[in-house]
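Quick mapping for you: the protein sequence lines, in order, are chains C and U.
Each residue of the first sequence is one higher than the last, beginning at 36 in my numbering.
Each residue of the second sequence is one higher than the last, beginning at 10 in my numbering.
Data block below; observations after.
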Amino acid sequence: MDTTRLEISRLFHRFGFGPRPGEFAVALKQGVDATRARLLLQVPPAHDVGLSMVADPVLADLGNFPQPGTTARATFDTAMKAQRQMLILWWLDRMALAENALTERMTWFWHGHWATSIGKVEYSLPMYLQNQTLRANALGDFGIQSRTMIVDGALQYWLDGGANTVTAPNENLAREFMELFTLGVGNYLQIDVQSVARGLTGYRVNRSNGNVTFIAKNHDSSTLTILGSPGAYSATQISDLIVARDDCAQFIADRIWFRFISSDIPRPYSKPINEAFARRNILETVRAVATSGAMSDPQYSLVKSPVEWFIGLCRAMAITPSKLAKPDRVIDLLNKLGQIPFAPPNVGGWPAGEAWLTAASAQYRLQLAQYLLSNADTSAIKSLPSSSRVRAVGDLLGVASWSFRTERALRDVVTDPARLLLLAASSPEYIVSA
Amino acid sequence: MDTLSRRNFLKLSGAAAVAAAAPMLTMEAIAQAATMRPLPLGTPILIVVTLYGGNDGLNTVVPYKDPIYYQSRPDISYSQTDLLPLDSELALNGSMTGIKSLWDQNKVAICRGVGYPDPDLSHFTSMAIWQSASPDHHVNSGWLGRWLDTQARDPMLAISLGSVLPPLLAGKTVAGSALPLGGIVVPTGSLAVDCQRISATSRQDSKLMASAATSLRNLFDLSSTITPILKEPIPQPLDLPTANGGVAGGNSDLQQQLDVVAKLVAAGSPTRVWSVSLGGFDTHANEKGAQSILLGNVSSSVARFMSQMRATNREKDVVILVYSEFGRRVKANASQGTDHGTSGPVFVIGDRIKGGFYGDQPSLKNLIGGDQAVTTDFRDIYASLLEGVLTSPSDAVLGNWAGKTDFLAKV
């Protein structure tokens, strides 16, 4: 196994949604360290030409649901649907077009972490605002991210925060905050869930625009004991207390490991990773993960989720999702594959690993690749002599290496570049990040 | 509609063999073998219905004479007139008329207070415990996946509806198959040949790449047997209204999943285990209406399925298990909902079942931290299903688990 090629392939696919045309070949010349430094820049470029081509969506506050059966309601429903599609395509475009996709990749990670679904929130505006919050805090201080998210409108609505009052608290947000967002299961007791729920009382959410207001009289300001510490708590203080726990450092580092290195081999002890997150610094932690020896160890392979696989193919083929003739079809197929941005299946986020490898998903992946490649520009491959096309497709897609099986199958179809790309994109070597 | 007979099934299989006979389809032999050995009549079949989110057991099987029930949740309790009494103490949620009617026919076992030691209130941990059947330590395999490990390999043996496989069906060495609701469309012509080639086994594959290759190969196995069957009409229920469009509220996803299962069971698909699911039970707020719609959905879908089975010759073969990862807190919260709790009722339904209650009803007087006690370990139910329905020793799946729940009638 060519470990340089393996590590560069992993850097592209895991931290940047895959290479754009030409990038992989250049990276091979520059080597692993230079590629890592470029993909995980300390300060991402302020002006990203790719991103500058994606206009932010204009999402009006649509207000309350009009009465069913009225014309106002019909107009409203149409607007809701249009906003939702605009929002999804906007983010897919950003992922596909960003020159440096680390920020989008990390926003995607955090979206799956603080998994909030438009299925319940319904309005696009609060989902968009949450997404911008995650983006602004994607690589910074986790403590600040957590403080912001605990009072995020979409998250509050999603986990019944508005229904949590001093007279009888609702534990939904409190429990998931500790279990899934900060500490991990088993690192708190039921009494802590109850105390945190009481400490988080008093917030009210305007569902259509995500505005959160604090109503002091609904807040429980009595002395609470959270994780052994007594006091009267605000949401910020609760977040700070919990994020400061060692368990939080372990848990978040484990989650990053799970999504970027391996969803079935647990994280071994690693001093650089621990030290980086000891400071709650997300970028340093991600860099420590990307620098770990696991990156060149073949056992740490990872299944690309449907969106990651789809975006990788868009980047390689220079496709802008919203500019496709039938973006509805793309969203439909992503839905059948089980993954649409803004619609995780539950608060635990999307599954990982073999869950994405069913006969059903194989079928939809093929259909999606067929649709994308039927409209794609294959002239770059066509211009090459047949003998170098298999290697060129490997570089275009950023594949670590072809098995003899796949290489033989690809070699037999080199005269038909669209078919060559379809097979390469559907191969085990591309569906899995080696 | 006529019952799909063995002969009809073989006719369908013939069609399948033709569809699969594209040039160089090396899977043809396997696919054909699967279609040529329909499940023998009389072979028991398990249908697992997972209710995601933590169903409120106390508002499902309601202790309608207990004043503590009404004191604990004044806004979301049901009065007797809104319920379907089962005996002098317990009643079903009023939306569950379908299951009530099966209960009246002695086909419903209600296991009470089901859970496991030291209940975990996390959805994910608790569901992982139920699906892996391992409360003590984390394991990566599901209980029915481990059963699959003990069987001869066959992608048709255990099938989950939907495109993502639940952990339930993932074994240590073998996994069940996932079938999307719309069925599977098999690639044809040169694309089929290409797909076969890139999904052939390779010693250079990592474990995950090998799984990716297998999933593509299984597409051919599954599709050649299942696709023609899905084109057949659904077996008509004998005693339920069959007007197009169904009852008010429209088709639910669970009903669609069970309709597909009904078709395939009727056709003799060599499948011993089916997995379907319904989400939405995490009723922290405004529980009453939402839960009653969901329970009505479960009840009518199950009743419809049983009725469809009566229209086939498999009615005595199917056993349905309905469970959720936990029950909910006895006391309501302020948002007319309930927070996560512990034990809850489990339903086991079928002609092979001796109807009635099993296990003690957990007391509302002696709560543990506001939650109901666990009186029945869910592994008792699994062990009984493994031995009585899947006719397999439970040791390989559950280790040395001695407990059983005696709800299976001698056939």
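All residues carry an ideal CB built from backbone N, CA and C; glycine is no exception.
Checklist entry - At what residue ranges does the stretch 284-316 of chain C contain a whole run of the alpha helix (DSSP H), taking only runs of 4 or more? => result 306-313
Next on the checklist: Measuring only the C-alpha atoms, how far is I296 of chain C from T52 of chain U?
Outcome noted: Counted from its first residue, the first sequence places residue 296 of chain C at position 261. Counted from its first residue, the second sequence places residue 52 of chain U at position 43. Taking the straight line from one Cα to the other gives about 44 Å.
Item to check | Exposure of N115 of chain U, with buried meaning 16 or more beta-carbon neighbours within 10 Å | outcome: Translated into positions along the second sequence, residue 115 of chain U becomes position 106. By the 10 Å Cβ count, N115 of chain U comes out exposed.
Next on the checklist: Rounded to the nearest angstrom, what separates I308 of chain C and C283 of chain C at their Cα positions?
Outcome noted: To locate residue 308 of chain C, count along the first sequence from 1; it is residue 273. To locate residue 283 of chain C, count along the first sequence from 1; it is residue 248. C-alpha separation (whole angstroms): 13 Å.
Checklist entry - S316 of chain U to D415 of chain U, Cα distance in whole Å? => result Walking along the second sequence from the start, residue 316 of chain U turns up at place 307. Walking along the second sequence from the start, residue 415 of chain U turns up at place 406. Whole-angstrom Cα-Cα distance: 25 Å.
Checklist entry - Are the C-beta atoms of L34 of chain U and some chain C residue less than 7 Å apart? => result Sequence index remark: in the second sequence, residue 34 of chain U carries index 25 (1-based). Annotation note: pLDDT 19 at L34 of chain U (below 50); position unreliable, coordinate value reported separately. No, no contact with chain C.
Checklist entry - Using DSSP with H/G/I as helix, E/B as strand and the rest coil, what is L224 of chain C? => result Counted from its first residue, the first sequence places residue 224 of chain C at position 189. Here L224 of chain C sits in coil by DSSP.
Checklist entry - Can you name the residues of chain C whose CB is closer than 7 Å to the CB of G378 of chain U? => result Taking the first residue of the second sequence as 1, we reach residue 378 of chain U at position 369. Those within 7 Å of G378 of chain U in chain C are Q225.
Checklist entry - Considering only residues of the same chain and omitting the five flanking positions on each side of S344 of chain U, which have a CB-CB separation below 6 Å? => result Start at 1 with the first residue of the second sequence, and residue 344 of chain U comes out as number 335. Closer than 6 Å at the Cβ level, and outside the excluded window around S344 of chain U, lie A294.
Checklist entry - Residues in the stretch 123-139 of chain U with C-beta within 9 Å of chain C's C-beta atoms, listed in sequence order? => result D129, L130, S131, H132, F133, T134
Next on the checklist: My parser needs the beta strand (DSSP E) runs of 3 or more residues fully inside the stretch 227-286 of chain C; what are they?
Outcome noted: 238-240, 247-249, 259-261, 264-266
Item to check | Range covered by the alpha helix (DSSP H) that runs through Y406 of chain C | outcome: Locating residue 406 of chain C in the first sequence gives position 371, where the first residue counts as 1. Segment 394-409, the alpha helix (DSSP H) holding Y406 of chain C.
Checklist entry - Are the C-beta atoms of G373 of chain C and some chain U residue less than 7 Å apart? => result Looking up residue 373 of chain C in the first sequence gives position 338. Chain U, which has a Cβ nearer than 7 Å to the Cβ of G373 of chain C, makes this yes.
Item to check | Residue-level contact to chain U via CB, L392 of chain C, 7 Å cutoff | outcome: In the first sequence, residue 392 of chain C corresponds to position 357, counting from 1. By this cut-off, L392 of chain C is an interface position.
Item to check | Nearest-angstrom Cβ-Cβ length linking A311 of chain C and A323 of chain C, presumed shorter than 8 Å | outcome: Along the first sequence, one-based indexing puts residue 311 of chain C at 276. Along the first sequence, one-based indexing puts residue 323 of chain C at 288. At roughly 4 Å, the Cβ-Cβ gap stays under 8 Å, so A311 of chain C and A323 of chain C are in contact.
Item to check | L215 of chain C: first and last residue of the uninterrupted alpha helix (DSSP H) it sits in | outcome: Taking the first sequence and counting its residues from 1, one reaches residue 215 of chain C at position 180. Neither: L215 of chain C is in no alpha helix (DSSP H) and is coded neither H nor E.
Item to check | Rounded C-alpha distance that separates Y163 of chain C from L395 of chain U | outcome: In the first sequence, counting from the first residue as 1, residue 163 of chain C sits at position 128. In the second sequence, counting from the first residue as 1, residue 395 of chain U sits at position 386. Going from the Cα of Y163 of chain C to the Cα of L395 of chain U covers about 48 Å.
Item to check | Cross-strand partners of V448 of chain C (DSSP beta bridge) | outcome: By 1-based counting over the first sequence, the position of residue 448 of chain C is 413. Paired residues: none, contrary to the question.
Next on the checklist: With three or more C-beta pairs closer than 8 Å as the rule, is the stretch 217-230 of chain C touching the stretch 68-75 of chain C?
Outcome noted: no
Checklist entry - Do you know whose CA, among U:M165, U:S208, U:K109, U:S104, lies nearest R443 of chain C's CA? => result Sequence index remark: in the first sequence, residue 443 of chain C carries index 408 (1-based). Closest by alpha carbon: U:S208.
Item to check | Partners in chain C for G346 of chain U, counting only beta-carbon separations shorter than 8 Å | outcome: Translated into the one-based positions of the second sequence, residue 346 of chain U becomes position 337. Result: D195, A198, N205.
Next on the checklist: Here's the rule: buried if 16 or more other CB atoms are within 10 angstroms of the residue's CB, otherwise exposed. What is F439 of chain C?
Outcome noted: Here residue 439 of chain C refers to the residue found at position 404 of the first sequence. The residue is exposed, with fewer than 16 neighbouring Cβ atoms inside 10 Å.
Next on the checklist: Which residues does DSSP list as the beta-bridge partners of R337 of chain U?
Outcome noted: Residue numbering aside, residue 337 of chain U sits at position 328 when the second sequence is read from its first letter. R337 of chain U is bridged to U:H349.
Checklist entry - Hey, does L170 of chain U have any beta-carbon neighbour from chain C nearer than 7 Å? => result Translated into positions along the second sequence, residue 170 of chain U becomes position 161. So, not an interface residue.
Checklist entry - Going by DSSP, what residues sit across from Y332 of chain U in a beta bridge? => result As a working mapping, residue 332 of chain U is identified with position 323 in the second sequence. Looking at the DSSP assignment, Y332 of chain U forms a beta bridge with U:T59.
Next on the checklist: Given a cut-off of 7 Å on the beta-carbon distance, is the pair L208 of chain C and S230 of chain C in contact?
Outcome noted: By one-based count along the first sequence, residue 208 of chain C stands at place 173. By one-based count along the first sequence, residue 230 of chain C stands at place 195. Not a contact, by the Cβ cut-off of 7 Å.
Next on the checklist: What does the Cβ neighbour count give for Y304 of chain C, buried or exposed, with the cut at 16 atoms within 10 Å?
Outcome noted: Mapped onto the first sequence, residue 304 of chain C falls at position 269. Answer is exposed; the Cβ neighbour count stays below 16.
Item to check | Straight-line gap, S224 of chain U to A275 of chain U (C-alpha atoms, nearest Å) | outcome: The count along the second sequence starts at 1 and reaches residue 224 of chain U at position 215. The count along the second sequence starts at 1 and reaches residue 275 of chain U at position 266. Roughly 26 Å separates the two Cα atoms.
Checklist entry - Closer than 7 Å, CB to CB, is R440 of chain C near chain U or not? => result What you label residue 440 of chain C is simply residue 405 of the first sequence in a count that begins at 1. Chain U, which has a Cβ nearer than 7 Å to the Cβ of R440 of chain C, makes this yes.
Next on the checklist: Could you tell me the alpha carbon to alpha carbon distance between W410 of chain U and F144 of chain C, rounded to whole angstroms?
Outcome noted: Residue numbering aside, residue 410 of chain U sits at position 401 when the second sequence is read from its first letter. Residue numbering aside, residue 144 of chain C sits at position 109 when the first sequence is read from its first letter. For W410 of chain U and F144 of chain C, the distance between alpha carbons rounds to 41 Å.
Next on the checklist: Can you give me the C-alpha to C-alpha distance between I39 of chain U and D230 of chain U, rounded to a whole angstrom?
Outcome noted: In the second sequence, the residue the question calls residue 39 of chain U occupies position 30. In the second sequence, the residue the question calls residue 230 of chain U occupies position 221. Reliability of the predicted coordinates at I39 of chain U is poor, the pLDDT of 28 falling under 50, and the value obtained from them is presented with this limitation in mind. Looking at the two C-alpha atoms, the distance is approximately 7 Å.
Checklist entry - For the stretch 412-427 of chain C, which residues have a CB atom closer than 7 Å to at least one CB atom of chain U, in sequence order? => result none
Checklist entry - Is it true that the stretch 102-118 of chain C meets the stretch 133-141 of chain C, where meeting means three or more beta-carbon pairs spaced less than 8 Å apart? => result no
Checklist entry - Once you ignore the five residues that flank N181 of chain C on each side, which residues in its own chain have a CB closer than 6 Å to its CB? => result Within the first sequence, numbered from 1, the residue matching residue 181 of chain C stands at position 146. Per the sequence shown, residue 181 of chain C should be read as Ser rather than Asn. Around S181 of chain C: S274, V278.
Checklist entry - Pick from U:A320, U:V383, U:G346: whose alpha carbon is nearest that of G289 of chain U? => result As a working mapping, residue 289 of chain U is identified with position 280 in the second sequence. The residue with the shortest Cα to Cα distance from G289 of chain U is U:G346.
Checklist entry - Since L431 of chain C is in the alpha helix (DSSP H), which residue starts that stretch and which ends it? => result Counted from its first residue, the first sequence places residue 431 of chain C at position 396. Its alpha helix (DSSP H) spans residues 424-432.
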